[in-house]
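Protein chains: 2
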Amino acid sequence: MRPGERGLRELDEIDRKLLRLLAADARRTNASLAAELGIAQSTCLARLNALRASHVIRGFTVDVEPGALGNALQALVFVRIRPGARHLMSEFGKAMTEVPGVTQAFFLGGDEDFLLHVSVRDAQDVRDFVVEHLSAHPAVANTRTSLVFEHLRGAEPWG
Amino acid sequence: MRPGERGLRELDEIDRKLLRLLAADARRTNASLAAELGIAQSTCLARLNALRASHVIRGFTVDVEPGALGNALQALVFVRIRPGARHLMSEFGKAMTEVPGVTQAFFLGGDEDFLLHVSVRDAQDVRDFVVEHLSAHPAVANTRTSLVFEHLRGAEPWG
DNA sequence: CGTGAAACCCACACGAC
DNA sequence: GTCGTGTGGGTTTCACG
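Same order as they appear, the protein sequences are chains A and B.
Per the working numbering, residue 27 is the first one in the first sequence, and the count goes up by one each step.
Per the working numbering, residue 27 is the first one in the second sequence, and the count goes up by one each step.
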């Protein structure tokens, strides 16, 4: 790694296993993690803090059933940016992540420029979202919406 | 709700705030959560366990920087299922989530049937993935791949 | 359901290797 | 980097409202 670059220090086998265990249950106690890794608690804690400090770990979150809070409908919205507004793309993406209901935003290469994953109550909410935040936006050329019948999470890439 | 049914009991304001706090940092101590919510620790723990038991909380995970483990490239792969193989779609989706590198699978309505989000090392890996797991699969009619330049996570829907 | 109190267990410094 | 230990604080149970 070049000096001054953000720390992407090599991860050893223990680091990877630690990440894998946390991916399965991020609320496990440090003691139980250490036991399964076969290292001392203090060592395990030091590694965990190092992974946080070096931004390998971005954070710990809870995975919530979307339907539990009245968000029964998910959709993917493809967005094409107006050719004359390409310089607004990065800004546009960030703005979209602030909109309630938008859970992910992909900045794409290819036919379409953006893909937004939205989780909302019903079809009316999707329409409102597209009309209010996309069609009205000066940078947006056009959009295309697909309903999500099922959303599956894959195995974490460091399996 | 009928007894024995999967609990989608109403969430009150405290439950929602609890989920929001956990979304921001899933490893916060129960004590600090209780303090911020203005309830007793034991009450907070009881609510947390209830949310887990009723499957409102699916789990706690760690958010890892994808590049940190050598996965520098992300792509979206759209998949069209062969008309005669529609009955294999559900099975196909589950199988895809087991493939290393596949982080998400969307089961779609619209032009295309599936969208796969893959996180891999380089372009060669994308090609290998498409050739080995998609083109060769009897249910797959055709695929289309878009590179992901940036992947942003949105605010959680219960903000 | 909610709570306070108490036993138990854990997190997180240290200092040493 | 790794480890063992101590102690302040957290987790969890339980009897009670």
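Quick reminder that beta carbons are idealized off the backbone N, C-alpha and C, glycines included.
Among the CB atoms of chain B, none fall inside 8 Å of the CB of F155 (chain A). In terms of CA proximity to P164 (chain B), B:F118 leads the group B:S145, B:P126, B:F118 and B:V152. Under a criterion of Cβ atoms nearer than 7 Å, the residues of chain A adjacent to L45 (chain B) are, in order, V88 and V90.
When A:E138, A:A101 and A:Q130 are compared, the shortest CA-CA separation from R112 (chain A) is found for A:E138. Going by DSSP, R147 (chain A) is part of no alpha helix (DSSP H) at all; its letter is neither H nor E. Closer than 8 Å to the CB of H177 (chain A) there is at least one CB belonging to chain B. Note on geometry: alpha-carbon atoms of V128 (chain A) and P109 (chain B) lie some 32 Å from one another. Nearest to E182 (chain B) by C-alpha distance, out of A:S116, A:V166, A:E124 and A:L59, is A:E124. Residues of the same chain with a CB within less than 8 Å of the CB of A98 (chain B), apart from the 5 flanking positions on each side, are P92, R147 and D148 in chain order. Membership of N56 (chain A) in any beta strand (DSSP E) is not indicated; the residue belongs instead to the alpha helix (DSSP H) covering N56 to L63.
At a cut-off of 8 Å, the C-beta of S172 (chain A) has a neighbouring C-beta in chain B. Rounded to the nearest whole angstrom, the CA to CA distance from T171 (chain B) to H81 (chain A) is 29 Å.
Counting along the chain, the unbroken beta strand (DSSP E) around G85 (chain B) starts and ends at I83 to V90. In the three-state reduction of the DSSP assignment, E138 (chain A) falls in the coil class. Here DSSP, grouped into helix, strand and coil, assigns A66 (chain A) to coil. In this structure, T87 (chain A) places its C-beta atom within 8 Å of the C-beta atom of D89 (chain B). DSSP links T171 (chain B) through a beta bridge to B:V103.
Secondary structure of R108 (chain A) (DSSP, three-state): coil.
Within chain A, the residues whose beta carbon sits less than 9 Å from that of D51 (chain B) are G85, F86 and T87, listed in sequence order.
For Q130 (chain A), same chain residues with a beta-carbon under 6 Å away, outside a window of 5 residues either side, are H143 in chain order.
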